[in-house]
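Down below is the structure, laid out as structure tokens.
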Amino acid sequence: MPAGAAKQSRWRRVEAASDSLAVASPGEQPVVAALKVSELQSGGEITGPCATDGRPGADVSLGCAEQVLIPPQMNGGASHKARRREGRGGIGSGRGSQGTLPYPAVGETRLAVPGFAAGVQAEYARRYAADLERVQQLLPETARWMDSHCHLESILARTWRGGGKPQVLASEALVDVYGLVASWPAGLDGCICNCVFRRLSKPDARVSEWGWIDENLHIFAIASSVSHRLWFTIGLHPHDADNWDSAAERKVRDMCVHPKCVAIGECGLDFFKHGRDEAEKQLRAFRGQVQLAVELNKPLVVHARRAEDLCMQVLSDLVPRHHPIHIHCYSDSVRHALQLCEQWENLRIGFTGSITFLPKNRPKGGGKAKAKIDSQLEGPEHTWDLLRCIPLSRMLIETDGPYMCPEPFRGQTAHPGHVHRVAEKIAEVKGVPLLEVMEAHVRAAESSMESEDMWFTAAAA
27 MPAGAAKQSR WRRVEAASDS LAVASPGEQP VVAALKVSEL QSGGEITGPC ATDGRPGADV
87 SLGCAEQVLI PPQMNGGASH KARRREGRGG IGSGRGSQGT LPYPAVGETR LAVPGFAAGV
147 QAEYARRYAA DLERVQQLLP ETARWMDSHC HLESILARTW RGGGKPQVLA SEALVDVYGL
207 VASWPAGLDG CICNCVFRRL SKPDARVSEW GWIDENLHIF AIASSVSHRL WFTIGLHPHD
267 ADNWDSAAER KVRDMCVHPK CVAIGECGLD FFKHGRDEAE KQLRAFRGQV QLAVELNKPL
327 VVHARRAEDL CMQVLSDLVP RHHPIHIHCY SDSVRHALQL CEQWENLRIG FTGSITFLPK
387 NRPKGGGKAK AKIDSQLEGP EHTWDLLRCI PLSRMLIETD GPYMCPEPFR GQTAHPGHVH
447 RVAEKIAEVK GVPLLEVMEA HVRAAESSME SEDMWFTAAA A
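Heads up, the sequence shown is in the working numbering, so the first residue is 27 and it goes up one at a time.
Below, the structure is given as structure tokens:
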């Protein structure tokens, strides 16, 4: 067998030389296990030496739970034909998956390696813990911050388009809300969970975000051990605008009574993922929720993409100047952002992990609106212009987890424990200390959300 024969996949690399096998996880700091093919084929549990960051490490235990592909050159098999992985919840499944771990061709051997999987998860956990330790050393112990926008249902159940991809499945251990909260840094006081889908986030999801909040209201109760770090919003996302009706309005109205419900939304207009032919139904849902927020004196969380004129028209028609507004995950023009800030004194603009991304050598776009994207509103140069031009006092930091996990964890499940990376990028671009960004974020949150039951009031009590 020729030395260096290899099978490449996005999940891991399998390299063959004689009777030995090297398996490497993806990522900046890979875990490598060197094994004997003959031993692996015999089944059972074996061990192999492990190296991390190029340094020798402890042995890893290998057995029969997770799968590795052996190149056909190592067992006389036929050439590989890539096929999409099928089946609910399988590796490579999930919305947006491209089947990155295909079935092996005839003659390839599929091997089980649970110890290697444990090693990959341990290495990812080590990198995350090291990042938290690093940021805590940059800040005084008194520094506080929060994630002003995320989606806990999708974070925990992996019902997002990347949730079934090998990069996530191989590296991240499944946790419940208690485990997630326990993983956050000491300075992170909590998150605002947006519950904005009446329909399922994914066809095989067990419940929608609205169903999730119904089932999990107990974690927001005073008796819960995590309630002091959790708040929520209720609304209907423009992707789900078809579901805005009288029953949806009653649901939002009823949930707003809950002491932990701090805003209505995210709601709004999206002509990045949708065509303008859907404008009327999106406008109907948006106007209905804006009117409800003003009636109930509830802060408003807005999702608006490629909809500057219509968004400004709706807000101008319906929202008083003093009303608190959070423009979430902003990516439109500098001009529009400054107009919004000028017209609403308590309006704040949120930025996510996407501001940490470097450009990719591929066209950007999405859904029905691909051809309509203004390239001037894409890329890091536009993002940095926004960060330089918008006053720090008008900014909020958010993850929008599970989406857009900040660098250097891009592609993983974003969650509130990553939000400091957003603050760090803002500090870098503006040339100010990280603590100044965190302190400004606290003050901005006071103006954009209800203060009587918000996180900073609880932390000070």
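Just so it is clear, CB atoms sit at the ideal spot from N, CA and C, and this is done for glycine as well.
Please report how far the alpha carbon of Arg363 lies from the alpha carbon of Ile423, in whole angstroms.
-> As written in the sequence, residue 363 is Ala, which differs from the Arg given in the question. When rounded, the distance between both Cα atoms is 16 Å.
If I'm right that Glu334 touches Ser359 with Cβ under 8 Å, what's the distance once you round it to whole angstroms?
-> 7 Å
Under 9 Å, do Ala231 and Ala289 count as touching if we go by C-beta distance?
-> no
Where Trp210 sits in the DSSP three-state scheme | In the structure shown, Trp210 sits in coil (DSSP, three-state: anything other than H, G, I, E or B).
Near Gly443, which residues of its chain fall below 6 Å by C-beta distance, leaving aside the five closest residues on each side in sequence?
-> Closer than 6 Å at Cβ, skipping near neighbours: Ser209 and Trp210.
Pull up the distance between the alpha-carbon of Asp202 and that of Cys221, whole angstroms please.
-> 17 Å
List in chain order: all unbroken alpha helix (DSSP H) runs of 4+ residues lying wholly within the stretch 424-480.
-> If you keep only unbroken alpha helix (DSSP H) runs of at least 4 residues inside the stretch 424-480, you get 446-456 and 460-474.
Going by the beta-carbon positions, is the gap between Gly213 and Ala169 smaller than 9 Å?
-> Gly213 places its beta carbon less than 9 Å from that of Ala169.
To the nearest angstrom, how far is it from the Cα of Tyr356 to the Cα of Glu454?
-> 18 Å
Out of Glu462, Glu159, Gln365 and Asp173, state which residue places its alpha-carbon closest to the alpha-carbon of Leu412.
-> Gln365
Do the CB positions of Ala305 and Leu262 come within less than 9 Å of each other?
-> no
At a cut of 8 Å, does the stretch 295-302 reach the stretch 236-255 through at least three beta carbon pairs?
-> no
Unbroken beta strand (DSSP E) run spanning Glu292, endpoints | Here the beta strand (DSSP E) through Glu292 covers Cys287 to Asp296.
Alpha-carbon to alpha-carbon, Pro264 and Phe223 | 9 Å
Could you give the distance in angstroms between the alpha-carbon of Cys176 and the alpha-carbon of Pro428?
-> 7 Å
Starting from the C-beta of His348, find all residues in its chain whose C-beta is less than 7 Å away, skip the five residues before and the five after it, and write them out in chain order.
-> Glu371 and Asn372
Who are Trp171's beta bridge partners in DSSP?
-> BP columns for Trp171 point to Leu214.
Whole-number beta carbon distance between Arg332 and Phe297, since they are thought to touch under 8 Å | About 4 Å; that satisfies the 8 Å criterion.
State the Cα-Cα distance for the pair Gly145 and Glu198, rounded to the nearest angstrom.
-> 11 Å
Do His329 and Glu292 have their C-beta atoms within less than 9 Å of each other?
-> yes
By DSSP, does Gly376 sit in helix, in strand, or in coil?
-> strand
May I have the straight-line CA-CA distance separating Asn269 from Ile181, to the nearest angstrom?
-> 23 Å
How do the stretch 453-467 and the stretch 414-421 stand: do at least 3 beta-carbon pairs fall below 8 Å, yes or no?
-> yes
Endpoints, the beta strand (DSSP E) within which His408 is located = Segment Pro406 to Cys415 is the alpha helix (DSSP H) holding His408; no beta strand (DSSP E) there.
Among Pro192, Gly314, Ala249 and Ile248, the one whose alpha carbon lies nearest that of Gln147 | Gln147 has its Cα closest to that of Pro192, out of Pro192, Gly314, Ala249 and Ile248.
Exposed or buried, Lys396, counting other C-beta atoms within 10 Å across all chains shown (16 or more means buried)?
-> In this prediction, Lys396 scores a pLDDT of 42, lower than 50, which makes its location untrustworthy; the coordinate-derived value is nonetheless stated afterwards. So Lys396 counts as exposed.
Report the rounded CA-to-CA distance for Arg374 versus His354, giving the unit in angstroms.
-> The straight-line gap from Cα to Cα measures roughly 8 Å.
Span of the alpha helix (DSSP H), counted from its first residue to its last, around Trp257 | No alpha helix (DSSP H) contains Trp257, which is instead part of the beta strand (DSSP E) from Leu256 to Ile260.
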